[in-house]
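Visitor: Counting in the working numbering, the final residue of the sequence shown is number 979, and the numbers go up one at a time with none missing. I am attaching a structure below and will ask some questions about it afterwards.
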Amino acid sequence: MLYAPRYSLHFKVATLASILFLVGSMAIGWMIFQRQKVLENRTFENMSWIAYQLDQEANRFYWQLAATDSSSERLLLRYEILFSRIRLFRKGQVAHVITSGSMLDSDLEKVWQQTHRLDDLLAPLRHSTGGLSEDGKRRILATARDLRHVTARILLEVKAHVAALKSDSRQQLSSLYRWVLVMLGMMILSGLLLIMIVLRERRFGLEQAKRLRDNALALDKAVARARAASQSKTRFMAMMSHEIRNPLNGMIGMAELLEHESVSSQGRQYLQALLQSAHGLHGIIHNVLDHARLEQGAIVLNNSPFSLVNFIEKTCVYHRMQARQKGLDFNLTLADDLPDWVNGDTQRLRQILTNLLGNAIKFTDEGAVSLSVCHAGGQSLSIDVRDTGCGISRADLGALFEPFNKVGQRSHHKGAGLGLAISQWLAEAMGGDISAESTPGKGSCFCLTVPLAASDAPTALDEDTDDTVVTHGMKVLVVEDDSINRMLARVMLERLGVEVVLVEQGAEALEHADDPSFDLVFMDVNMPIMDGLQTTRRWRLGGGKPADIPIIGMTGNTSLADRRRCMCAGMNDVIYKPFLQRDVLSALYRYAGRRDAAPSPRAALQADVSSSSHGSSDISLAVLEDLESAVGHEALKELITLYQSRLFRRLDTLNTCLEQARWAALGREAHSFKGTSLSLGCQTMGALLEDMEQRVNTERGAVMKARLSRLYRCADQTFSALENYKRSLINR
Numbered sequence: 248m249l250y251a252p253r254y255s256l257h258f259k260v261a262t263l264a265s266i267l268f269l270v271g272s273m274a275i276g277w278m279i280f281q282r283q284k285v286l287e288n289r290t291f292e293n294m295s296w297i298a299y300q301l302d303q304e305a306n307r308f309y310w311q312l313a314a315t316d317s318s319s320e321r322l323l324l325r326y327e328i329l330f331s332r333i334r335l336f337r338k339g340q341v342a343h344v345i346t347s348g349s350m351l352d353s354d355l356e357k358v359w360q361q362t363h364r365l366d367d368l369l370a371p372l373r374h375s376t377g378g379l380s381e382d383g384k385r386r387i388l389a390t391a392r393d394l395r396h397v398t399a400r401i402l403l404e405v406k407a408h409v410a411a412l413k414s415d416s417r418q419q420l421s422s423l424y425r426w427v428l429v430m431l432g433m434m435i436l437s438g439l440l441l442i443m444i445v446l447r448e449r450r451f452g453l454e455q456a457k458r459l460r461d462n463a464l465a466l467d468k469a470v471a472r473a474r475a476a477s478q479s480k481t482r483f484m485a486m487m488s489h490e491i492r493n494p495l496n497g498m499i500g501m502a503e504l505l506e507h508e509s510v511s512s513q514g515r516q517y518l519q520a521l522l523q524s525a526h527g528l529h530g531i532i533h534n535v536l537d538h539a540r541l542e543q544g545a546i547v548l549n550n551s552p553f554s555l556v557n558f559i560e561k562t563c564v565y566h567r568m569q570a571r572q573k574g575l576d577f578n579l580t581l582a583d584d585l586p587d588w589v590n591g592d593t594q595r596l597r598q599i600l601t602n603l604l605g606n607a608i609k610f611t612d613e614g615a616v617s618l619s620v621c622h623a624g625g626q627s628l629s630i631d632v633r634d635t636g637c638g639i640s641r642a643d644l645g646a647l648f649e650p651f652n653k654v655g656q657r658s659h660h661k662g663a664g665l666g667l668a669i670s671q672w673l674a675e676a677m678g679g680d681i682s683a684e685s686t687p688g689k690g691s692c693f694c695l696t697v698p699l700a701a702s703d704a705p706t707a708l709d710e711d712t713d714d715t716v717v718t719h720g721m722k723v724l725v726v727e728d729d730s731i732n733r734m735l736a737r738v739m740l741e742r743l744g745v746e747v748v749l750v751e752q753g754a755e756a757l758e759h760a761d762d763p764s765f766d767l768v769f770m771d772v773n774m775p776i777m778d779g780l781q782t783t784r785r786w787r788l789g790g791g792k793p794a795d796i797p798i799i800g801m802t803g804n805t806s807l808a809d810r811r812r813c814m815c816a817g818m819n820d821v822i823y824k825p826f827l828q829r830d831v832l833s834a835l836y837r838y839a840g841r842r843d844a845a846p847s848p849r850a851a852l853q854a855d856v857s858s859s860s861h862g863s864s865d866i867s868l869a870v871l872e873d874l875e876s877a878v879g880h881e882a883l884k885e886l887i888t889l890y891q892s893r894l895f896r897r898l899d900t901l902n903t904c905l906e907q908a909r910w911a912a913l914g915r916e917a918h919s920f921k922g923t924s925l926s927l928g929c930q931t932m933g934a935l936l937e938d939m940e941q942r943v944n945t946e947r948g949a950v951m952k953a954r955l956s957r958l959y960r961c962a963d964q965t966f967s968a969l970e971n972y973k974r975s976l977i978n979r
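The following block contains the structure:
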C-alpha cells in the first residue's frame, strides 16, 4: 500500500515562514541595492562642487567689480557665469537634494533675490556704452559683498548637508545589513526546522505505512480465520445435519408407524407427545439449517404448477386443528377471482405460511386467527394472516425480521427466533415481501405479497388415487448402513405394497446392478468403505436396462453443493433426512410410479445445471447438442467414449511431466488437452487446464501438484457427467 503524505500544521507553518523570510530578504536586498546606487552616484560630489563653484564665481564677480580696470563686457561675463551657477541650485537632482534642508532654502532665496537685484543694477551696462556711475558701482559692490557672504554660508551648509546625508545613508545601509542578517538567520532556522519536520513526517509516514501493512496483514489473517471458521461451521453444520437427522429420522418414522398400531389411549397420548416433541426438534433443526443455507445463498426454488385453493386449504387443516385446541376461531377467506392453478415452490410457500400461522396461533390466547388470499395486482397475490393476540410495539417492529431475535412478550415462548427471518428471506427469494402491522394488546397482521403466475393444470395422477394402488407390485432396493433407517424404509415401503430389498453397503448394492426387476433404488449418500456417490457411478457404468434405474439419494447434508455432487454422480433426485412417508411416496410417484415420466440422467443433469445458481456445470450441454446435430449421436457417442478412454491416461502424462520437471512439455500437454476438452464441452476441465498452462512458468512444486489434484477430481466428475449424457444418447 502506497503512503499518501498528509502534511501537518507544523510543516505548513515552517514552510510559510521560510517563504516569508525569503521574500523579506529579497525585499531588503532590493532596498540595499537602491541605497548603494545612491551612494555610488556623483550627486553628493556634484552638489558640493556646484556650491564651491557658486562661491568662487561670487568672489570673482566681486573682485572683478572692485578692480579699477574692469571693463563692462568682462563684468557682464562674470555675472552671466555667476547666474548660471545659481540656476543649477534651482533645477535637477541637486536642487531636489538641497531643498530638503530649510536653512539652504532661505539662503538660496536670498541669493536669488540678490542676483535679480544685481541684474537690475547691471542693466545700464547692457544698454549703453558708458561705464557705471560711482553710486551704481558702489551699490553693486555692496550687493556683491552680501552675495559673497551668503554663498560662503551656502558652501558650508551644503558640505554639512552632504555629510549628514552620507552619514544617514550609511546608517540605513547598516540597518538594512543587520535586517538581512536577521532574515538570513531566520530563514536558516526555518529551513532547519522544515528539514526536522520533513524528517519527522517521513518517519511518521514510514511508521504509519508499517502500521497499515501490519493492519492489512492482521486483517488478511482475520479474513483467513473467518473463512476457516466459516468453512469449519459449514463442515460442522453438514456433519451435525447428517448425525442429527439420522436418529431423528428413525424417531419420527417409528413414531408415525406406531400410530398405525393398536396402543392404549394413554400410550397414544405418549405417542402424540413424542411426535410433537420430535416435530418441534425437527422444526428447529430445519430452521437453523435453512438459516445457514440462506446465508450462503444455497436455497434453490423448485417451481411447479399447483392448485392454489387446494394448497391453501390443505395447509390450513393442521393449523385449524391447532386453533381449535386453544379455543380459537380459525377463518379462511378466499377471493372469487383467484386462479385455479399457479406456478411456484409449494414447499417454501408452505414453510412461510406455516411460520406465520404458527406464530399467530402461538401468540393468541383468545379471539381468532384469520387467513385471507386475494389479488395484489399483476401476477402477485396478497396473503394476510391476522390474529387478536398480544401484539407488537412499534419500537419492536423494526427488529421483527432479524435472525435469533425475540421481541416483547414473544421472548417468553419457545423457539430459535428464526422463523420470521427465514420467511422474509424466502419471500424475497421468490420475488415478494412480508410486511407487518400491529397494535399492542389488540393483535397483528402479517401480509405476504408474492408473485404466483397463473398456470395450466399439469398432467398428473389423480389425487384421489389410492397410494397402494399406484405403488403395489413395485420392487425397490434400499442401500442404507444404519439399521434403524433400513427398518424404517422397509416398513414405510411395505405399507405401500412395495417389495423391498435391503443392503447395508455399496458393494452389496452393486451385486444387484444387473437385476432389471428393480423399479427404484434408494441410496444412502454417506456410507463407509464405498459411499453412495461411488456406488452410483459404478452402477451407471454397468450398461443395459439396470443402468437406467432411477436412483434417489438419501442424505442429511442439505447444501446445494452436496445435491450437485449427487446429481453429477448420476442420481436422479435427493431426499433429505429425516424424511417422512410422503417424501418416499413422492419419489415413487415421480420415478418408479411413472417410468415414462422419470427424467433421464441427461435431463437430471440439465435440471441440476439450470437450477444451480453457484458455479457452472462440468460439461456444456449446448456444445454437446451442437456436436450431435453436426456429426450425429452415434459418432458423438464414439467421441465421448474415446475421450473417456484417454482421460486419465492424459492426466497421468501431466503427472509424469510434473514429476520430471519438464515444464515446457507440461505446458504443451495442458494446451493440447485443453483444446480437446473444450471441443467436447468439458468446460470445467478446459478452464483448469488453461489455468495450468498459463501458470506453468510461474508456479512450481506443491502449488502445481495441487492443481493436478483438482484436475483428477474434476476428471472423475466429468467422466460421470459424460457417461450420463452418453446413456441419454443410447436411450433415444
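For each residue, glycine too, the CB sits at the ideal point set by N, CA and C.
1) Taking Asp367 as the reference, give the member of Arg334, Ile387, Asp382, Glu381 with the closest Cα.
2) Would Met278 and Leu459 qualify as a contact pair, given that the criterion is a beta-carbon distance under 7 Å?
3) Does Lys722 come out as helix, strand or coil in the three-state DSSP assignment?
4) Taking the alpha-carbon of Ser685 as reference, which of Arg571, Glu875, Ala607 has the nearest alpha-carbon?
5) Could you compute how far the alpha carbon of Gly438 sits from the alpha carbon of Asp461?
6) Using a Cβ-Cβ cut-off of 7 Å (strictly less than) and excluding sequence neighbours within five positions of Lys921, which residues of its own chain qualify?
7) Identify the residues that DSSP records as bridge partners of His622: which are they?
8) What do you get for Asp467, buried or exposed, if any count of 16 or more other CB atoms within 10 angstroms of its CB means buried?
9) What's the call for Thr200, buried or exposed, on a 16-neighbour Cβ count within 10 Å?
10) According to DSSP, Ile681 sits in a beta bridge with which residue or residues?
11) Please work out which residues of its chain come closer than 8 Å, Cβ to Cβ, to Ile776, disregarding the five sequence neighbours upstream and downstream, and give them in chain order.
12) Can you tell me whether Ser975 is buried or exposed? The criterion is at least 16 other CB atoms within 10 Å of its CB, across all chains shown.
13) What's the call for Thr945, buried or exposed, on a 16-neighbour Cβ count within 10 Å?
14) According to DSSP, is Ala850 part of a helix, a strand, or is it coil?
15) Secondary structure at Ala615, three-state DSSP: helix, strand or coil?
16) Can Ser627 and Thr696 be called in contact, C-beta distance under 7 Å?
17) Assuming Asp576 is part of the beta strand (DSSP E), what are its boundary residues?
18) Can the beta-carbon of Ala305 be found closer than 7 Å to that of Thr398?
19) For Arg829 and Thr593, what's the separation of their Cα atoms in angstroms?
20) Please determine, among Ser924, Ser926, Arg897, the residue with the shortest C-alpha to C-alpha distance to Ala912.
21) Give me, in chain order, the residues of the same chain whose beta-carbon lies closer than 7 Å to that of Asp680; leave out the 5 immediate sequence neighbours on both sides.
22) Let me confirm a value: Thr802 is counted as buried when at least 16 other C-beta atoms fall within 10 Å, else exposed. Which label applies?
23) What span of residues does the alpha helix (DSSP H) with Gly638 cover, start to end?
24) What does a CB cutoff of less than 7 Å around Gly702 pick up in its chain, not counting 5 residues either side in sequence?
25) Pick out whichever of Ile887, Leu886, Gly948, Gln891 has its Cα sitting closest to the Cα of Asn902.
26) Between Ala298 and Leu402, which are expected to be in contact by the criterion C-beta below 8 Å, what is the C-beta distance as a whole number of angstroms?
27) Residue ranges of each alpha helix (DSSP H) run of no fewer than 4 residues wholly in the segment 755-824, ordered along the chain?
28) What's the gap between the Cα of Gln930 and the Cα of Ser867?
29) Does the separation of the CB atoms of Ser967 and Cys815 fall below 7 Å?
30) Could you tell me the distance, in whole angstroms, from the CA atom of Phe769 to the CA atom of Ile799?
31) Below 7 Å between beta carbons: does that hold for Ser640 and Pro687?
32) Taking 6 Å as the limit between beta carbons, can you name the residues of its chain near Phe577, skipping five residues before and five after?
33) In angstroms, rounded to a whole number, what distance separates the CA positions of Ala794 and Ala908?
34) Of the residues Leu394, Arg395, Leu365, Asp393, which one's Cα is nearest the Cα of Gly383?
35) According to DSSP, is Val429 part of a helix, a strand, or is it coil?
36) Taking DSSP as the reference, what is the three-state secondary structure of Ser380?
Guide: To lay it out plainly:
1) Ile387
2) no
3) strand
4) Ala607
5) 34 Å
6) Gly933, Leu936, Glu937, Glu940
7) Leu628
8) exposed
9) Residue 200 lies beyond the stretch modelled for the chain, which goes from 248 to 979, so this question has no answer here.
10) Leu695
11) Gln752, Gly753, Ala754
12) buried
13) exposed
14) Note that Ala850 scores 38 on pLDDT, short of 50, meaning its location in the model is unreliable and no value can be drawn from it.
15) strand
16) yes
17) 576-581
18) yes
19) 14 Å
20) Arg897
21) Ala674, Thr696
22) buried
23) No alpha helix (DSSP H) contains Gly638, which DSSP labels as neither H nor E.
24) Reading off the sequence shown, one finds Ser at residue 702, where the question assumed Gly. Here the set comprises Pro552, Trp588, Val589, Asn590.
25) Gly948
26) 5 Å
27) 779-787, 807-816
28) 6 Å
29) yes
30) 5 Å
31) yes
32) Arg567, Ala570, Val616
33) 42 Å
34) Leu365
35) helix
36) coil
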